[in-house]
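2 protein chains.
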Amino acid sequence: MANQALLKRVYRDSLGLLTDLYELTMAYAYWKNGLADREAVFQLFFRKHPFKGSYAICAGIQTVIEYIENFHFDSEDLTYLEGLKTPKGTPLFERAFLDYLQGLSLNLDIDAMQEGTLVFPYEPLIRVKGPIIEAQIIESALLNIVNFQTLIATKASRVCFAAQGDHIVEFGLRRAQGVDGAIAASRAAYIGGCHSTSHVLAGKLFGIPVMGTHAHSWVMTFEKEKEAFVKFARTFPESSIFLIDTYDTVTGVEQAIAVAKELEKEEIPLIAVRLDSGDLYKLSNIVRDKLDAAGLTDTKIMATNELTEQIIADLKHQGAKITLWGVGTNLVTAKDQPALDGVYKLSAVADEKGAWHYRLKISDQVIKTTNPGISQVRRYFDKGKAVADMLYDVEMGSGTEVIHHVDFASKVQVNEDWDYEDLLVPMLRKGKSVYSHPSIVEMRENTYAELERFDPSIRRFLNPGQFFSGIERKLFDRKLKMIDEIQKR
Amino acid sequence: MANQALLKRVYRDSLGLLTDLYELTMAYAYWKNGLADREAVFQLFFRKHPFKGSYAICAGIQTVIEYIENFHFDSEDLTYLEGLKTPKGTPLFERAFLDYLQGLSLNLDIDAMQEGTLVFPYEPLIRVKGPIIEAQIIESALLNIVNFQTLIATKASRVCFAAQGDHIVEFGLRRAQGVDGAIAASRAAYIGGCHSTSHVLAGKLFGIPVMGTHAHSWVMTFEKEKEAFVKFARTFPESSIFLIDTYDTVTGVEQAIAVAKELEKEEIPLIAVRLDSGDLYKLSNIVRDKLDAAGLTDTKIMATNELTEQIIADLKHQGAKITLWGVGTNLVTAKDQPALDGVYKLSAVADEKGAWHYRLKISDQVIKTTNPGISQVRRYFDKGKAVADMLYDVEMGSGTEVIHHVDFASKVQVNEDWDYEDLLVPMLRKGKSVYSHPSIVEMRENTYAELERFDPSIRRFLNPGQFFSGIERKLFDRKLKMIDEIQKR
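Just so you know, the sequences run in chain order A and B. Going by the numbering used here, the first residue of the first sequence is number 5, and it counts up by one from there. Going by the numbering used here, the first residue of the second sequence is number 5, and it counts up by one from there.
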């Protein structure tokens with residue numbers, strides 16, 4: 005059951021309409037002008053790392069692949085589209101187009117990064133190749149899925165770094181952005197490095213370990229806090245964690261200790277106590293001292309309450325006696341930057357004879373200008389450590405000189421001794437799977453393994469180190485030439 | 005089809021596991037200790053308006069009601085729960101409890117605010133009354149749904165205020181937080197005041213008007229921008245909007261005008277041009293002048309590109325010639341504050357004999373202490389204008405003196421001439437519907453009508469005016485007495 009496909013298990017058929025209307029109006033215009041089957045290449049990438057960081061963790065790919073494999077419009081979808089009208093009241097789409105959509109399934113070639121891969125700006129996470137109408141129509145859904153999961157996996161990785169190996173429970177469901185804002189976030193947070201989730205549906209869907217205790221309401225149900233603790237501990241004799249701040253944390257831990265002592269003869273251990281308010285540094289030290297003095301040295305301290313990676317890092321630095329952290333809202337909404345700026349851009353289109361014409365979208369800033377062609381990302385390693393990424397064009401081939409994506413004066417010469425890997429992996433060919441997704445546990449392991457291959461400086465929160473990522477020289481020259489030509493038109 | 009229930013149409017059965025594990029561990033503990041059917045009251049409220057504003061728009065209620073009506077666990081859910089283990093490897097829940105869950109349907113009494121109602125801190129948006137196990141188990145889902153939709157409806161209301169009646173298209177799908185982060189956001193944004201969405205699935209599910217044009221990729225498919233415009237206009241002879249900044253906005257509008265002139269004889273009007281980059285004030289004025297000079301005075305100017313309510317307000321203030329706004333990421337993720345701090349707190353619990361015992365959760369700050377009892381919110385009107393809200397206890401009855409929720413020195417005496425409305429409306433009794441949800445169009449109209457009843461100062465972005473919202477005197481006194489008692493324990 006674990007790690008089965010998200011979309012099919014959560015959503016009803018079909019998600020064909022999970023799209024912006026302009027994808028459908030463009031699809032209609034391609035179809036109407038006889039261009040529907042023209043081959044095209046689109047690339048999905050982002051321009052800036054989230055959270056002022058220096059890396060991102062690719063996530064959401066399996067969800068995307070499943071979306072593409074199952075893409076279709078059902079008859080209810082078509083009835084809806086048939087009812088759409090122009091401002092003048094005439095049908096927006098003609099019936100023959102809707103018939104075409106009814107028979108449409110996707111025959112695309114998809115190459116994508118594996119989940120857990122570290123990714124840098126301007127590098128395609130997904131490359132889509134195939135009939136332009138098909139490649140266009142999936143834009144909105146791909147961006148929705150990959151932008152969000154990559155954002156949250158990256159955030160989770162930061163939270164885990166702050167906690168220095170401590171156990172992180174993700175518990176964002178209650179303030180996540182919608183139902184799937186929670187489901188997809190739990191998935192991505194686990195891939196990014198979290199240890200468990202409070203979210204039971206995510207646990208079931210993906211096989212993520214679930215964790216949970218009790219709320220203030222449990223304590224408040226009883227006249228006495230102590231009674232609440234005793235009853236909870238007897239219900240969960242092997243896994244009870246007490247929330248001790250319903251009325252007062254210090255009194256709360258004293259009650260918890262009294263209960264733990266009382267239940268020792270029943271061999272019911274107190275696994276942990278949870279703090280949900282107040283100064284977590286101060287309180288965790290007081291609570292630790294009291295627990296230790298009572299001989300409860302194995303009882304852990306868990307903390308919750310609007311935690312962020314910065315707060316956790318700061319508390320660790322100061323010596324808070326916490327080894328179990330619950331992170332909710334700030335993790336699943338990525339509160340300090342709740343969206344990744346991923347885009348999906350046309351980079352090549354074939355003519356009637358099938359010859360490729362490269363495309364770019366220019367901008368006032370050259371760094372916002374897109375990369376043309378059919379890209380692949382090659383990652384070079386020197387003695388096992390990643391040293392540079394090269395974006396190259398698969399038609400033009402890889403070279404030996406890499407120009408930095410933003411700072412064109414900065415270059416790297418590829419050393420013959422370096423190993424390399426091409427990061428975009430074939431996943432679909434003509435819409436059929438040619439890739440076997442690893443389990444979610446393996447994806448998470450992949451994240452940790454990937455991080456080991458990079459200089460640790462990129463994980464620093466303040467002034468993180470920069471990893472070199474650039475464009476292969478031939479592609480770079482061609483790009484500049486194309487910009488020139490467009491500007492001269 | 006329009007405005008039918010979200011959850012049933014989007015998600016598969018069942019959403020019983022859309023919950024934090026601790027709701028289930030508490031449920032187990034209630035059940036195990038013979039307390040499952042003990043009557044309790046929980047109240048869902050927030051403590052602070054989002055976006056440094058002075059009001060919020062209630063949304064998500066219909067979704068919540070449907071969730072409760074359809075609540076159940078299916079056999080796959082129970083199989084999953086049966087497999088959960090304690091750290092020692094023993095089953096977390098005993099089989100008899102899972103059998104109990106299998107038969108569980110909710111028999112709760114739900115009173116809630118109607119969608120589109122203006123709501124203020126500490127006022128329950130939802131009051132839940134019934135067996136404590138049922139009232140507890142729905143906490144996470146209720147918070148997930150209501151926190152997010154209320155947040156986005158409020159944000160949309162702000163964006164609409166900034167645009168002074170201009171048409172607002174919500175187009176956040178591509179960077180929304182997950183699939184439902186987009187679906188639920190489109191719903192809430194429309195209730196909050198937006199005019200249309202780009203999101204086709206939301207259009208279909210809720211009957212929201214959909215709108216869309218074309219992307220840069222359409223233009224880039226062709227060798228010449230002009231060819232792209234001509235082909236698009238002939239495809240949509242009654243509704244074409246051209247995106248004019250693929251290469252250069254000024255050249256783009258000149259191309260658009262040339263095409264519009266050429267197509268005049270075919271009676272194909274140019275509805276609007278869209279700007280997606282650059283200085284929108286400057287460009288909109290240049291574009292307006294060029295359109296007007298060409299006699300295209302009816303052609304509108306649409307703007308997109310990371311818009312916020314502040315940017316729109318500022319551009320309107322400066323005289324940008326834009327009357328159609330597309331707002332995406334900042335609207336659907338509420339980028340400046342991506343979560344509402346709504347909480348769900350136990351406020352009363354019955355004893356074995358059915359007598360109510362009021363409950364509150366104290367905190368170092370009195371304003372974070374919860375309100376006890378079984379609350380209702382009464383809104384007073386003086387000559388049609390809202391003047392004060394009173395939180396009162398339905399058992400103790402309403403009074404005439406209201407103490408401000410935060411500033412206890414500030415009071416209001418209820419005037420006998422004032423009209424009033426009680427805002428919490430019965431929606432479910434013993435789990436059965438006693439309320440008929442208005443259409444989403446009516447909900448949106450409700451939002452606009454509600455705003456008319458309040459002083460316009462509350463909508464200001466900087467230093468907004470404050471609406472008086474407080475606690476009825478008898479309830480206030482009782483609350484202080486309870487705090488005293490707890491502190492003396």
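Think of the CB as a built atom: it goes at the ideal place given N, C-alpha and C, for glycine as much as any other residue.
Check                                                                                                                                                                                                  : Outcome
Measuring CA to CA, which of A/Trp422, A/Ala160, A/Leu96 and A/Lys228 is closest to A/Arg448?                                                                                                          : A/Ala160
Determine contact between the segment 220 to 228 of chain A and the segment 241 to 260 of chain A, defined as no fewer than three beta-carbon pairs at a distance below 8 Å.                           : yes
What residues from chain B crowd round A/Leu205, counting only those whose CB sits closer than 8 Å?                                                                                                    : Leu19, Leu21, Leu22 and Thr23
Would you list the one or two residues that DSSP bridges to A/Arg433?                                                                                                                                  : A/Lys436
Within the continuous alpha helix (DSSP H) that includes A/Glu119, where are the two ends?                                                                                                             : Looking at the DSSP string, A/Glu119 is not in any alpha helix (DSSP H), and its letter there is neither H nor E.
When the cut-off is 8 Å and only beta carbons count, does A/Arg482 lie next to chain B?                                                                                                                : no
Report yes or no: do the segment 374 to 393 of chain A and the segment 198 to 216 of chain A share at least 3 C-beta pairs separated by less than 8 Å?                                                 : no
Please confirm if A/Gly174 has its CB atom under 8 Å from at least one CB of chain B.                                                                                                                  : Checking the sequence shown, residue 174 of chain A turns out to be Glu, not Gly. A/Glu174 does not count as touching chain B.
Does A/Gly134 come out as helix, strand or coil in the three-state DSSP assignment?                                                                                                                    : strand
What separation, rounded to the nearest whole angstrom, lies between the Cα atoms of A/Leu88 and A/Glu98?                                                                                              : 10 Å
Contact criterion: CB-CB distance below 8 Å. Does A/Val277 meet it with respect to chain B?                                                                                                            : no
Under 8 Å between beta-carbons, which chain A residues line up against B/Tyr26? List them in chain order, please.                                                                                      : Ser202, Gly216, Thr217, His218 and Ala219
Whose C-beta lies closer than 7 Å to the C-beta of B/Phe480 among residues of the same chain, with five residues either side of it excluded?                                                           : Ile407
Let's test the definition: count the other Cβ atoms within 10 Å of the Cβ of B/Lys133 and tell me whether it reaches 16, buried, or not, exposed.                                                      : buried
Among B/Gly196, B/His53 and B/Phe49, which one has its Cα closest to the Cα of B/Pro128?                                                                                                               : B/Phe49
Taking Cβ-Cβ distances shorter than 7 Å, what residues in chain B pair up with A/Asp184?                                                                                                               : Gly182, Val183, Asp184 and Gly185
For A/Gly64, count the other beta carbons within 10 Å of its own beta carbon; 16 or more makes it buried, fewer makes it exposed. Which is it?                                                         : buried
Considering only residues of the segment 285 to 321 of chain B, which uninterrupted beta strand (DSSP E) runs meet the minimum length of 3 residues and lie entirely inside it, listed in chain order? : 304 to 307
From B/Ser243, B/Thr253, B/Asp318 and B/Gln259, pick the residue whose C-alpha is nearest to that of B/Ala276; which is it?                                                                            : B/Ser243
Report the rounded CA-to-CA distance for B/Asp226 versus A/Phe471, giving the unit in angstroms.                                                                                                       : In the sequence as displayed, the identity of residue 226 of chain B is Phe instead of Asp. Rounded to the nearest angstrom, the two C-alpha atoms are 37 Å apart.
Taking a Cβ distance cut-off of 7 Å, strictly less, list which residues of the segment 216 to 247 of chain A are near chain B, in chain order.                                                         : Gly216, Thr217, His218, Ala219, His220, Ser221, Trp222, Met224, Thr225, Lys235, Phe236, Thr239, Phe240, Glu242 and Ser243
Less than 8 Å between CB atoms is the rule here; does A/Tyr396 satisfy it with respect to chain B?                                                                                                     : no
Output needed in chain order: residues of the segment 136 to 158 of chain B with a Cβ under 7 Å from some Cβ in chain D.                                                                               : In the displayed structure, chain D is absent; the protein chains listed are A and B.
Where A/Leu455 and A/Gly435 are concerned, what is the direct C-alpha to C-alpha distance, given to the nearest angstrom?                                                                              : 32 Å
Can you find a C-beta in chain A that's less than 8 Å from the C-beta of B/Ala193?                                                                                                                     : no
Rounded to whole angstroms, what's the CA-CA distance from A/Gln497 to A/Thr158? Just pull it up for me.                                                                                               : Within the shown structure, residues of chain A are numbered from 5 to 493, placing residue 497 of chain A beyond reach of any answer.
Check whether the Cβ atoms of A/Asp252 and A/Ser144 lie closer than 8 Å to each other.                                                                                                                 : no
Is B/Pro342 close to chain A, meaning its C-beta is less than 8 Å from at least one C-beta of that chain?                                                                                              : yes
Rounded to whole angstroms, what is the Cα-Cα separation between B/His76 and B/Ser437?                                                                                                                 : 17 Å
Quick one: give me the first and last residue of the beta strand (DSSP E) that A/Phe97 is part of.                                                                                                     : No beta strand (DSSP E) holds A/Phe97; DSSP gives it neither H nor E.
Out of A/Ser414, A/Ile187 and A/Asp170, which has the shortest C-alpha to C-alpha gap to A/Gln153?                                                                                                     : A/Ile187
Can you name the start and end residues of the beta strand (DSSP E) that A/Tyr362 belongs to?                                                                                                          : Trp360 to Tyr362
Looking at the C-beta of B/Ala264, does it have a partner C-beta in chain A at a distance below 8 Å?                                                                                                   : no
Going by Cα to Cα distance, which pick from A/Arg131, A/Glu266, A/Glu310 and A/Leu274 is closest to A/Asp280?                                                                                          : A/Glu310
Per DSSP, what kind of secondary structure is A/Gly256 in: helix, strand or coil?                                                                                                                      : helix
Under a Cβ-count criterion, where at least 16 other Cβ atoms within 10 Å of its own Cβ denotes burial, should B/Lys483 be classed as buried or exposed?                                                : buried
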